[in-house]
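Shown next, in structure tokens, is the structure this report addresses.
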């Protein structure tokens, strides 16, 4: 029985190594670069919860300290502003998504927001408490 268990692990290791070699060979033509962004470049909170790329290839970054838009050169921070319904409703961004119109959907601790591609304004989506509002939750 132990021989079968060790043989299975050996086969799994061999398949893994073959896969790594295949990916490595295929990646020879690919070139990657990485950059570190932090508060010096304008990303004040390094704890990233989520990201999405928009139709203009800009990057939207959700953190525990607000929403950031990176256009390839600079960061712009979006945060809640008291009595301004055109601002996000909470600093803690949990999810981001882009729809087929290019709008960015923002899920926060307090609800759902939508950044309009056309106007550039944020709209808070009102959800009724106690109802599922058509939203599926895990």
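In the working numbering, the protein residues as written are 606 to 743. All residues carry an ideal CB built from backbone N, CA and C; glycine is no exception. Treat the numbers as computed from the prediction; the structure is a model and nothing was measured.
Item                                                                                                           : Value
Contiguous beta strand (DSSP E) assignments of at least 3 residues, all confined to the stretch 671 to 722     : 671 to 675, 680 to 683, 698 to 703, 709 to 713 and 717 to 720
Reduced DSSP category for residue 654 - H, G, I as helix; E, B as strand; rest coil                            : strand
Three-state class that DSSP yields for residue 732 in the structure shown                                      : coil
Contact with chain C by residue 653, beta-carbon distance below 8 Å                                            : Reference to chain C is not applicable here, since this structure consists of a single protein chain.
Expected contact under 8 Å - CB spacing of residue 667 and residue 678 to nearest Å                            : With 8 Å as the limit, residue 667 and residue 678 do not qualify as a contact, their Cβ atoms being about 20 Å apart.
Proximity below 8 Å, CB of residue 705 to CB of residue 722                                                    : no
Residues near residue 657 by beta carbon distance below 7 Å, same chain, minus five either side                : 665, 701, 702, 703 and 709
Cβ shell of residue 697 (< 7 Å), same chain only, five flanking positions each side left out                   : 669, 713 and 714
Classification of residue 609 by the beta-carbon crowding that lies within 10 angstroms, buried from 16 upward : Low confidence applies here, because residue 609 scores a pLDDT of 41, under 50, leaving its location unreliable; read the following figure in that light. Under this definition residue 609 is an exposed residue.
CB contact flag (residue 718, residue 693, <8 Å)                                                               : yes
Beta-carbon gap between residue 727 and residue 691 smaller than 8 Å                                           : yes
Of the residues 686, 681 and 716, the one placed nearest residue 663, counting alpha carbons only              : 681
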